[in-house]
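*Asks:* Note that our numbering has the sequence shown beginning at 594, numbered continuously upward.
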Amino acid sequence: MIFDLSSFIPGLSFILYVIFTVFSLNKKKDEKLHWPFILYMFLMSVWSFGSFMMHANTKVLTPLNWNRIMVAGMLGVPITIFHSVMDLFKKKGARYNILLYIGYTIYGFLIVLNFMGAIVTNAWFEGDRFFYTLGNGTFIAYVLSYSFLIIGIIILSRELYRTHDELIKKKLRLPLIGGCVMLMGVLVNLYQPLGRYPIDLFTSTINAFIIFYAIYKYRLVHYSALGMRGILHFVLVIIAALTFYGILWVSSKMMRQMPFQHSFLLSLFLGVVAAVIFQPLRTGTLPIIEKLYFGKRLDFYTSLKNFSESLTTVVELELLGKSTVNKLMETFNLDWVAMMVLEHSARAYKQVAGIGITGSEEEAIDITVKRNDPIVKTVMKHPGPFFAPNKEDEITFEIGEGTSSLRPGLVLSLKFKEKLNGFICLGKRRDKEYFNQFDLEILNILTGQCSVALENALSFEKLNRQQKKLQNMNREIIISRNKLEAFFDGITTPISIQDINYNIVTVNFAATRYFKTSFNALLGRKCYKVFFDRNKPCENCMAQDSMHAGLPFGIEVTDSKTRMVFSIHFYPISVPDGSKKIFLEFFQDVTQEKRLRRELIQSEKLAGIGTLASGIAHEINNPLYGIIGTAEIMLEDGPSAVKFKEYTKDIIDYAQNAAEIIKDLTNYSRTGERVNTPIDICEVIDTSLKLAKRGMNFDEIKVEKKYEDTPMIEAHSNELQQVFLNLVINAVQAMNGEGTLLINVRSQKGNVMISISDTGGGINEQDMDNVFNPFFTTKEPGKGTGLGLSIVYQIIHNMGGRANVESEVGLGTTFYLLIPLTAAETKKISFVHAQKPDEIEDVFFLQRKILVGEKGYLEETIRRKVDEDSYHIVAYKGIQPVGTVSIMPETREPNLPIEDHFKLDFHKKDRRCVEIDRLAVLKEDRRGVIPLSLMTLAYLYARSEQAERVFLDVFADEKKYIKMYKKLGFQKIGEYMWPLPVTVMMMGQKPPYEKTGKRLEDFVKPFMTKLVKRITFEDRERKRFLNTIENITKLSPKNRVEEKQGI
594 MIFDLSSFIP GLSFILYVIF TVFSLNKKKD EKLHWPFILY MFLMSVWSFG
644 SFMMHANTKV LTPLNWNRIM VAGMLGVPIT IFHSVMDLFK KKGARYNILL
694 YIGYTIYGFL IVLNFMGAIV TNAWFEGDRF FYTLGNGTFI AYVLSYSFLI
744 IGIIILSREL YRTHDELIKK KLRLPLIGGC VMLMGVLVNL YQPLGRYPID
794 LFTSTINAFI IFYAIYKYRL VHYSALGMRG ILHFVLVIIA ALTFYGILWV
844 SSKMMRQMPF QHSFLLSLFL GVVAAVIFQP LRTGTLPIIE KLYFGKRLDF
894 YTSLKNFSES LTTVVELELL GKSTVNKLME TFNLDWVAMM VLEHSARAYK
944 QVAGIGITGS EEEAIDITVK RNDPIVKTVM KHPGPFFAPN KEDEITFEIG
994 EGTSSLRPGL VLSLKFKEKL NGFICLGKRR DKEYFNQFDL EILNILTGQC
1044 SVALENALSF EKLNRQQKKL QNMNREIIIS RNKLEAFFDG ITTPISIQDI
1094 NYNIVTVNFA ATRYFKTSFN ALLGRKCYKV FFDRNKPCEN CMAQDSMHAG
1144 LPFGIEVTDS KTRMVFSIHF YPISVPDGSK KIFLEFFQDV TQEKRLRREL
1194 IQSEKLAGIG TLASGIAHEI NNPLYGIIGT AEIMLEDGPS AVKFKEYTKD
1244 IIDYAQNAAE IIKDLTNYSR TGERVNTPID ICEVIDTSLK LAKRGMNFDE
1294 IKVEKKYEDT PMIEAHSNEL QQVFLNLVIN AVQAMNGEGT LLINVRSQKG
1344 NVMISISDTG GGINEQDMDN VFNPFFTTKE PGKGTGLGLS IVYQIIHNMG
1394 GRANVESEVG LGTTFYLLIP LTAAETKKIS FVHAQKPDEI EDVFFLQRKI
1444 LVGEKGYLEE TIRRKVDEDS YHIVAYKGIQ PVGTVSIMPE TREPNLPIED
1494 HFKLDFHKKD RRCVEIDRLA VLKEDRRGVI PLSLMTLAYL YARSEQAERV
1544 FLDVFADEKK YIKMYKKLGF QKIGEYMWPL PVTVMMMGQK PPYEKTGKRL
1594 EDFVKPFMTK LVKRITFEDR ERKRFLNTIE NITKLSPKNR VEEKQGI
């Protein structure tokens, strides 16, 4: 056996081509190489193996036999190269197919010629030198075979010339060079003196390395990192073989001069060398080669591999997306990268993370890819990384009104159990234009780990969504339950829920209040025992009927003991099968309602009689005037007897009296357009008295009138007559026909004060707040409707006046009416420092009406101790209170009331502070000047108190007030919940408008001037405010100029 350079070259080439061939046969289905390339590698293996066995002269077969095997592989290589080039460029035309058929036919013909001895006639060794002789068919065989290699080189050259893609040029350039080198080496075989050396295989080996480099460098064909490692291990084997070859060569030289007995020492030395060198060589050479081969990228690959293994611990989708795209961008230096994840609700893949995808103005773009998009269909076919060279694999997304598209260079399919949860699109690399097989191997690991991590993240997100959904459902259930409880307790009618055995399950707040029994004391008790103190259900109870029929029923029950009438309604409640039936019972006291209904019917009858009054009056007036006229004629023309004259005169007096009564009734019942006219209030009172006397018994009633000279007032006489008539009737009825009726009329500060007093039994204290409420009465059934005093209050209120009542049980009652003289007085706005009891009452009346009634304040927060000590300002329109505000200096309390809910330590900092609180203005006056005026007066008071900080709080939904406060110079400093969102605001010592001359001159100064005219404070307080206003208006630029000029 001969082992020299001539046998080493083909042996090395054989090992290299076998690795390529074995790798090609073990590729995955979706990554398999084209079979012409596999055949090409196989024939190169046959060529190199036959050459190795021929030059090594192994004696297994003759050199001629191995030569013919070598030639069989060599002649088939050109056609397989041509076929591989056709597949590479996807040449599938008929002419190319014909060329392929011709090529493989020629190859079969040449094999026959080869084994018949027409190409090489003989091959032999003379010593260590190899010789061969060519046959007559050699030239023809080479021309026929390698013409296909020349055609392949021409196709490569043409494609290289045509393409403008630099990456394709780089791909084609190396195979073209390799083919030319191999062609030149093969042609050397035709020259026998050189052909006996394996120059052809040497050039083919060079071609093999060029192809390997093209595959690695430019992804000429797909191969895995397994093949890469095979080549690296092959290099390791070569290094180890050379190392041991050197050791054995040195040993062979030494053995010739060393006795056999000393050979043990050499064996021991070789054992030490093997133990010391082989393992370090094996473990150290591969990292060195990898480091040299991959350079700086090896660290990135190692980091990426470690990162891939750590992905399974990531369960947050956003973190998984960001960390993955950042790592890919860092490792491969990409133009762009995007991770798309399936969103089931949108039935599309949406971008969860991306880098480098921007619009026309560099804004980040979110990509959405529909499930039926071509790229999704392509991704579904690939389980791991795949290249996307086709146009249909583009990603299209919207930018503004147009669309744009990106073509990824590589796509990573994130599948989990055949379910495509997402995919990662990688753009072009900035440092090179390809992904090699080692890149793909690492990315394949990343894809597998990321697929599992994505499934975990999606499952975790699904669990989070379900948890949030359950939390939201729970929250909605709680809110619904609270709403139901609030609605249940907010109903003013007593309601109970009972089971089929009449046991009370629950009741609302109105029920506990009505029956004056605690909630717990009512639960579990029988309804008929609680409501009617009975020992068995009511005789006509419809509760069982309601539950049986599933329909609501209603009944009326009269309590035999109290004679009160109740309307009871039963409503069945649906329950699951097998549960105890329950029903809802509305329990309403309708005693007063039925009484009022009877009285209203009576009132309707009276109203009907009143409607007939004008017609009856007309019918009566005609005969009355006839009687008067006849009596007057009889008085003049009749007998002169004294008795006759006296009786005739009585007839005339009685008839005139009857006519006058009918006239008064007609005027009282007359309807028409409401027109105010100047009237004498005393005359209206006297007319009302006269009407009352004609309908009631005044025999034991003493009437005292104290009328002062009062000016005429503008009013509607019929309405005032109705007011006085109602008050007189009530007073007479309260005295039961015996007592003193006192009527006073006097002037009071531009108004008229009327008081009507009686000496009756008085009004109980608990009824005082209800006397002006509609339908409220303390009279026995049938003797009053409860509408008279409410009509009095409404008429006086509409006139801009005020109606009050004072009463003491056993001594009598006095009604006070304060009426403006003119309609203009009712619209006059004034501001008062509330000090008198009635003014203080006005403050808390407005707070209860507005803050409690409208804003939802708790009733117990009105008239606190701090409120009693505060500075209150009341706005009046005419004599009616329409607005109020309170100011609370810190000097009166250690802390401001607002500090119970919001800490002010940071803002106060030992400064003098004031809180403005409880701004309350009637709804109809909120759009006018009153709210701003009240806030301005509050601020002026704060300034007069030398306050450095002014605080206030306001409900967050009071947008108009917040806007007004901001205009005044207040700034938001925080908020709190009690029980609704409340905004806290603060103003410094000087608001912005005091610092702005134009605003001060154009707005503040004129406003202050008008405000001064409306301030009706006491002299000392008024002076205090005027001084503050003067100090502010002095800041006006105009005033400054006048001061400088001495004006």
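Glycine is no exception: its CB is placed at the ideal position from the N, C-alpha and C atoms.
Predicted model only: the values in this text are computed from it and were never measured.
Give me the residue from E1611, F1600, F1610 with the minimum Cα distance to E1623.
*Replies:* Locating residue 1623 in the sequence shown gives position 1030, where the first residue counts as 1. Residue F1600 is the option with its Cα nearest to E1623.
*Asks:* Are the CB atoms of F1146 and D1138 within a distance shorter than 7 Å?
*Replies:* As a working note, residue 1138 is residue 545 in the sequence shown. As a working note, residue 1146 is residue 553 in the sequence shown. Yes, Cβ-Cβ distance for D1138 and F1146 is below 7 Å.
*Asks:* Determine the burial state of Y694: buried for a count of at least 16 other Cβ atoms within 10 Å of its Cβ, exposed for fewer.
*Replies:* Here residue 694 refers to the residue found at position 101 of the sequence shown. By the 10 Å Cβ count, Y694 comes out exposed.
*Asks:* Given that a residue counts as buried once 16 or more other Cβ atoms are within 10 Å of its Cβ, and exposed if not, what is E1636?
*Replies:* For the purposes of this step, residue 1636 is taken as the residue at position 1043 of the sequence shown. In this prediction, E1636 scores a pLDDT of 48, lower than 50, which makes its location untrustworthy; the coordinate-derived value is nonetheless stated afterwards. Flag for E1636 reads exposed.
*Asks:* Indicate the three-state DSSP secondary structure (helix, strand or coil) for T1333 in the structure shown.
*Replies:* Your numbering for residue 1333 matches position 740 in the sequence shown. Three-state result, T1333: strand.
*Asks:* Just reading off the beta strand (DSSP E) that V1459 is part of, what are its end residues?
*Replies:* Start at 1 with the first residue of the sequence shown, and residue 1459 comes out as number 866. It is not in any beta strand (DSSP E) - V1459 instead sits in the alpha helix (DSSP H) that spans 1458-1461.
*Asks:* In the DSSP assignment, find the unbroken beta strand (DSSP E) run with Q1564 in it and report its ends.
*Replies:* Residue mapping note: residue 1564 aligns to position 971 of the sequence shown, counting from 1. Element bounds for Q1564: 1564-1570.
*Asks:* Counting pairs of Cβ atoms below 8 Å between the stretch 1499-1517 and the stretch 1525-1541, do you hit three or more?
*Replies:* Yes, they touch.
*Asks:* How is the beta strand (DSSP E) around V713 delimited, first residue to last?
*Replies:* Position 120 of the sequence shown, counted from the first residue, corresponds to residue 713. Taken as a continuous stretch (DSSP letters only), the beta strand (DSSP E) holding V713 covers 713-719.
*Asks:* For I1608 and V1296, I'd like the C-alpha separation in whole angstroms.
*Replies:* Position 1015 of the sequence shown, counted from the first residue, corresponds to residue 1608. Position 703 of the sequence shown, counted from the first residue, corresponds to residue 1296. Between I1608 and V1296, the C-alpha separation is close to 41 Å.
*Asks:* Of all the options N1057, F1108, P1001, R688, which has the alpha carbon lying nearest to the alpha carbon of M932?
*Replies:* Position 339 of the sequence shown, counting from 1, holds the residue named residue 932. Closest by alpha carbon: P1001.
*Asks:* For I1097 versus C1120, is the C-beta spacing smaller than 7 Å?
*Replies:* Residue 1097 sits at position 504 when you count from the first residue of the sequence shown. Residue 1120 sits at position 527 when you count from the first residue of the sequence shown. Their beta carbons are under 7 Å apart, which means I1097 touches C1120 by this criterion.
*Asks:* Determine the direct distance from the alpha carbon of I672 to that of F682, and round the result to whole angstroms.
*Replies:* Start at 1 with the first residue of the sequence shown, and residue 682 comes out as number 89. Start at 1 with the first residue of the sequence shown, and residue 672 comes out as number 79. Taking the straight line from one Cα to the other gives about 16 Å.
*Asks:* Does DSSP put C1275 in a helix, in a strand, or in coil?
*Replies:* What you label residue 1275 is simply residue 682 of the sequence shown in a count that begins at 1. C1275: helix per DSSP, three-state reduction.
*Asks:* Roughly how many angstroms separate the alpha carbons of G1394 and M1140, rounded to a whole number?
*Replies:* The count along the sequence shown starts at 1 and reaches residue 1394 at position 801. The count along the sequence shown starts at 1 and reaches residue 1140 at position 547. For G1394 and M1140, the distance between alpha carbons rounds to 56 Å.
*Asks:* Find the nearest neighbour of Y610 within the set L657, H676, I799, judged by alpha-carbon distance.
*Replies:* Residue numbering aside, residue 610 sits at position 17 when the sequence shown is read from its first letter. Selected option, being the one with the closest Cα: I799.
*Asks:* Can you grab the Cα-Cα spacing for the pair Y816 / I1038, in whole Å?
*Replies:* As a working note, residue 816 is residue 223 in the sequence shown. As a working note, residue 1038 is residue 445 in the sequence shown. Residue confidence for Y816 is low, a pLDDT of 46 falling below 50, so the modelled location carries little weight; the figure read from the coordinates is stated next. The straight-line gap from Cα to Cα measures roughly 15 Å.
*Asks:* How many whole angstroms separate the CB atoms of V1478 and A1531, which I take to be in contact at a CB cut-off of 8 Å?
*Replies:* Walking along the sequence shown from the start, residue 1478 turns up at place 885. Walking along the sequence shown from the start, residue 1531 turns up at place 938. Contact flag correct, Cβ pair sits at about 5 Å.
*Asks:* Near A1416, what residues of its chain come up, given a Cβ to Cβ distance below 8 Å and the 5 sequence neighbours on each side ignored?
*Replies:* If you number the sequence shown from 1, residue 1416 lands on position 823. Hits under 8 Å: N1269, E1307, G1393.
*Asks:* With DSSP collapsed to three states, give me the class of P978.
*Replies:* Here residue 978 refers to the residue found at position 385 of the sequence shown. Here P978 sits in strand by DSSP.
*Asks:* Taking contact to mean at least 3 C-beta pairs separated by less than 8 Å, is the stretch 1491-1510 in contact with the stretch 1433-1443?
*Replies:* The stretch 1491-1510 is not in contact with the stretch 1433-1443.
*Asks:* Three or more C-beta pairs closer than 8 Å, one from the stretch 700-715 and one from the stretch 723-730: is that the case here?
*Replies:* Contact holds: three or more Cβ-Cβ distances are below 8 Å.
*Asks:* Given a cut-off of 7 Å on the beta-carbon distance, is the pair N926 and R1023 in contact?
*Replies:* Locating residue 926 in the sequence shown gives position 333, where the first residue counts as 1. Locating residue 1023 in the sequence shown gives position 430, where the first residue counts as 1. Against a cut-off of 7 Å, the Cβ pair of R1023 and N926 comes out as a contact.
*Asks:* From which residue to which residue does the beta strand (DSSP E) around K1298 run?
*Replies:* Along the sequence shown, read from residue 1 onward, the residue named residue 1298 stands at position 705. First-last of the beta strand (DSSP E) with K1298: 1293-1300.
*Asks:* By the DSSP assignment, the beta strand (DSSP E) with P671 in it spans what residues?
*Replies:* For the purposes of this step, residue 671 is taken as the residue at position 78 of the sequence shown. Where P671 is concerned, there is no enclosing beta strand (DSSP E), although the alpha helix (DSSP H) it sits in stretches over 656-681.
*Asks:* Once you ignore the five residues that flank S606 on each side, which residues in its own chain have a CB closer than 7 Å to its CB?
*Replies:* The residue given as residue 606 occupies position 13 in the sequence shown. If we look at S606 and ignore the five residues flanking it on each side, its Cβ neighbours are S641, L794, S797, T798, A801.
*Asks:* Tell me which residues share the same chain as K621 and place their Cβ nearer than 6 Å to its Cβ, disregarding the 5 neighbours each side in the sequence.
*Replies:* Translated into positions along the sequence shown, residue 621 becomes position 28. For K621, the predicted structure reports a pLDDT of 45, less than 50, and the residue's modelled location is therefore unreliable. The matter cannot be settled from this model.
*Asks:* Ignoring anything shorter than 4 residues or poking outside the stretch 1398-1442, list the alpha helix (DSSP H) runs there in chain order.
*Replies:* Correct list: 1416-1419, 1430-1439.
*Asks:* Rounded to a whole number of angstroms, what is the C-alpha to C-alpha distance between M1578 and E1538?
*Replies:* Indexing the sequence shown from 1 puts residue 1578 at position 985. Indexing the sequence shown from 1 puts residue 1538 at position 945. Approximately 19 Å between the Cα atoms of the pair.
*Asks:* Just how far apart, CA to CA, sit R1457 and L1451?
*Replies:* Working through the sequence shown from its first residue, we reach residue 1457 at position 864. Working through the sequence shown from its first residue, we reach residue 1451 at position 858. Spanning the two alpha carbons is a distance of roughly 12 Å.
*Asks:* With a 10 Å radius around its C-beta and 16 neighbouring C-beta atoms as the bar for buried, classify S1167 as buried or exposed.
*Replies:* Here residue 1167 is taken as the residue at index 574 of the sequence shown, counted from 1. Exposed.
*Asks:* When the Cα atoms are used, what is the spatial distance from K1008 to H975?
*Replies:* For the purposes of this step, residue 1008 is taken as the residue at position 415 of the sequence shown. For the purposes of this step, residue 975 is taken as the residue at position 382 of the sequence shown. Going from the Cα of K1008 to the Cα of H975 covers about 9 Å.
*Asks:* Alpha carbon to alpha carbon, how far is A716 from W659?
*Replies:* Here residue 716 refers to the residue found at position 123 when the sequence shown is read from its first residue. Here residue 659 refers to the residue found at position 66 when the sequence shown is read from its first residue. Cα to Cα, A716 sits roughly 9 Å from W659.
*Asks:* For the beta strand (DSSP E) that H1141 lies in, which residues bound it at each end?
*Replies:* Taking the first residue of the sequence shown as position 1, residue 1141 is located at position 548. That residue, H1141, is in no beta strand (DSSP E); its alpha helix (DSSP H) goes 1136-1142.
*Asks:* Mind checking who G1147 pairs with in its DSSP beta bridge?
*Replies:* Translated into positions along the sequence shown, residue 1147 becomes position 554. BP columns for G1147 point to H1162.
*Asks:* If you check the beta carbons only, do V1364 and V1338 fall under 7 Å apart?
*Replies:* By one-based count along the sequence shown, residue 1364 stands at place 771. By one-based count along the sequence shown, residue 1338 stands at place 745. No, these two residues do not count as a Cβ contact at 7 Å.
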